[in-house]
Amino acid sequence: MRIAMIGTGYVGLVSGACFADFGHQVCCVDKNASKIDGLNNGVMPIWEPGLEALVTSNAQRGRLTFTTDLASAVKEAEAVFIAVGTPARRGDGHADLTFVFEAVRELARFIQPGAVVVTKSTVPVGTGDRIEAILREEGVEGVSVASNPEFLREGAAIADFKHPDRIVVGAEDDHAQEVLREIYRPLFLNRAPILITGRRTAELTKYAANAFLAVKISFINEMANLCEAVDADVQDIARGIGLDNRIGPKFLHAGPGYGGSCFPKDTLALLQTADEAGVDQRIVRTTVEVNDHRKLEMAERVAEAAGGDLKGKRVAILGLAFKPNTDDMREAPSIPIVKAMIDRGAEVAAFDPVAREQAEKIFEGIEFADDAYAAATGADLVVIVTEWDEFRALDLDRMAGALRGKVLVDLRNVYDRTEAEEAGLTYFGVGRGRLHRHASA
Ligand code: NAD
Numbered sequence: 006m007r008i009a010m011i012g013t014g015y016v017g018l019v020s021g022a023c024f025a026d027f028g029h030q031v032c033c034v035d036k037n038a039s040k041i042d043g044l045n046n047g048v049m050p051i052w053e054p055g056l057e058a059l060v061t062s063n064a065q066r067g068r069l070t071f072t073t074d075l076a077s078a079v080k081e082a083e084a085v086f087i088a089v090g091t092p093a094r095r096g097d098g099h100a101d102l103t104f105v106f107e108a109v110r111e112l113a114r115f116i117q118p119g120a121v122v123v124t125k126s127t128v129p130v131g132t133g134d135r136i137e138a139i140l141r142e143e144g145v146e147g148v149s150v151a152s153n154p155e156f157l158r159e160g161a162a163i164a165d166f167k168h169p170d171r172i173v174v175g176a177e178d179d180h181a182q183e184v185l186r187e188i189y190r191p192l193f194l195n196r197a198p199i200l201i202t203g204r205r206t207a208e209l210t211k212y213a214a215n216a217f218l219a220v221k222i223s224f225i226n227e228m229a230n231l232c233e234a235v236d237a238d239v240q241d242i243a244r245g246i247g248l249d250n251r252i253g254p255k256f257l258h259a260g261p262g263y264g265g266s267c268f269p270k271d272t273l274a275l276l277q278t279a280d281e282a283g284v285d286q287r288i289v290r291t292t293v294e295v296n297d298h299r300k301l302e303m304a305e306r307v308a309e310a311a312g313g314d315l316k317g318k319r320v321a322i323l324g325l326a327f328k329p330n331t332d333d334m335r336e337a338p339s340i341p342i343v344k345a346m347i348d349r350g351a352e353v354a355a356f357d358p359v360a361r362e363q364a365e366k367i368f369e370g371i372e373f374a375d376d377a378y379a380a381a382t383g384a385d386l387v388v389i390v391t392e393w394d395e396f397r398a399l400d401l402d403r404m405a406g407a408l409r410g411k412v413l414v415d416l417r418n419v420y421d422r423t424e425a426e427e428a429g430l431t432y433f434g435v436g437r438g439r440l441h442r443h444a445s446a
């Protein structure tokens, strides 16, 4: 199949490279010329494991090309995917569809009859209908519009794309279905389930999935608070409930709250859709509130660990990216947490294995260290914010030696209290028994 991928970001680039790897002919388009120049010279615009090798090998085979010229890509394409950003609109949290509709108006000038326009971007229910209306306005005929929401996770994007739990296709006509089945055929050989639904249902499925995962995270975070009050261990509880097949073990890690490029904006957008439909979504609304509050609670927790006051305290932050294995800083929990610490008068030295360049654009007045031990040197306490693998195997004796104060705040429950205490550190985890009792133990 000949595919045009409009938008060459986290989703467009990974999807484009994987489709090319399946054997399709893919042209990735982006209006960001420096991104396309970089890709044409083998420079990846994002940090994603395995991406560079996949892009390079498919580009060398001639199956994957990059351009800013939308016309040339779309004219040839049997399927035109839209993978542009749909950020939260300032003010109301509605999904901002400006980039999507701009892309549709541009592609309308070049698309050929028989082609299928596929939204891979996360878009509110009914967006496909609006795309159809724009195409009609632009005089386009004989083109189908389908929805194919993407469920990949940054940090494991290629594996997720190639071994998806499911592929959701929302199509209103047989032709669109057939084209999408053909595109994903290599995955059916791997027995990936494909779910064909109505277009509106597919659009809403993506929001329902993200909202449900966000609920799971907020649920376990609230349970962690209860564990701290009653001296129970949330990790054992997560295991105790997660082994139940009806619940499942994933997304039950207590921590500083969810962030990233999807959950925060998608939960807000879902609430907007629900408001417009006049149907309250109380569970999701509460989840958003719990999560927003969670970040501030984390700064409070760090202040408590520092003895109640962060003024003049030097804090080492380990991990800034919203999760490990990505340089994505969008809505990272580290942002409100670090900012709250600075507001309370703390001095911050941070280390992240790959997100420094992105983080430098966001944080002012913090120091960036070259490794975890450098960040900890002379600090009053160290806080693990993102659970990068390299923070799982720290030499705690060395950390304790570098620190001025001997306090480890582990917002990801990477360490056991005993091993931290053996290194001479006072340990604060999340939801693992009473904060104060252990703090003074
Ligand atoms: P991104 O910001 O990384 O990439 C979007 C790209 O689109 C940018 O490079 C931008 O320059 C380009 N673009 C915008 N308008 C364009 C136009 N008219 N023509 C050509 N290029 C254009 O965004 P992303 O993280 O890849 O997300 C894209 C969509 O996928 C969003 O709707 C998001 O919700 C959804 N999604 C993201 C993830 C994720 O993990 N990032 C996962 C699933 C779904």
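Counting from 6, one number per residue, gives the positions in the sequence shown under this note's numbering. Backbone N, C-alpha and C define an ideal beta-carbon position, used for all residues, glycine too.
query	result
Where do the ends of the alpha helix (DSSP H) carrying Cys267 lie?	Per DSSP, Cys267 belongs to no alpha helix (DSSP H) and is neither H nor E.
Any idea if Thr278 is buried or exposed, counting beta-carbon neighbours within 10 angstroms, 16 or more meaning buried?	buried
Give the C-beta separation of Asp26 and Leu56 to the nearest angstrom, bearing in mind that I take them to be a contact with Cβ-Cβ under 8 Å.	About 11 Å separates the two Cβ atoms, so there is no contact after all.
Quick one: complete alpha helix (DSSP H) runs, 4+ long, within the segment 6–67?	15–27, 38–45, 56–65
Just list the residues that DSSP pairs Ser149 with in beta bridges.	Val121
With a threshold of 7 Å, establish whether the CB of Ile11 neighbours any heavy atom of the ligand NAD.	yes
Relative to the C-alpha of Val414, which residue among Ile322, Asp333, Pro358 is closest?	Ile322
Could you check if Lys40 belongs to the surroundings of the ligand NAD, using beta carbon to heavy atom distance under 7 Å?	yes
Look at the alpha carbon of Ile242 and the alpha carbon of Gly436, and state the distance between them as a whole number of angstroms.	10 Å
Please confirm whether Tyr212 and Leu273 have their CB atoms less than 8 Å apart.	no
Is it the case that the CB of Tyr263 approaches a heavy atom of the ligand NAD more closely than 7 Å?	no
Which residue or residues does DSSP assign as beta-bridge partners of Ala100?	Ala93
So, for Thr202: in the same chain, excluding its five sequence neighbours on each side, which residues have a beta-carbon less than 6 Å away from its beta-carbon?	Gly175
Pick helix, strand or coil for Gly175, following the three-state DSSP scheme.	strand
Hey, Phe86 and Ile41 are a contact pair by Cβ (cut 8 Å); roughly how many whole angstroms apart?	Contact flag wrong, Cβ pair sits at about 16 Å.
Within 10 Å of its beta-carbon, does Arg287 have 16 or more other beta-carbons around it, so buried, or fewer, so exposed?	exposed
Classify Val235 as helix, strand or coil using the three-state DSSP reduction.	helix
Mind checking whether Leu44 and Val79 have CB atoms under 8 Å apart?	no
Do you know offhand how far Cys232's Cα is from Gly438's?	6 Å
Express the C-alpha separation of Ala82 and Glu369 in angstroms, rounding to a whole number.	45 Å
Would you give the residue range spanned by the alpha helix (DSSP H) that Phe166 belongs to?	162–167
Check whether the Cβ atoms of Phe166 and Cys23 sit closer than 8 Å, and answer yes or no.	yes
Taking the continuous alpha helix (DSSP H) assigned at Thr391, which residues delimit it?	Segment: none, Thr391 is in no alpha helix (DSSP H) and carries neither H nor E.
For Leu408, tell me which candidate among Asp238, Ala377, Gly119, Ala308 has the shortest Cα-Cα distance.	Ala377
In angstroms with no decimal places, state the Cα-to-Cα distance between Asn153 and Val173.	6 Å
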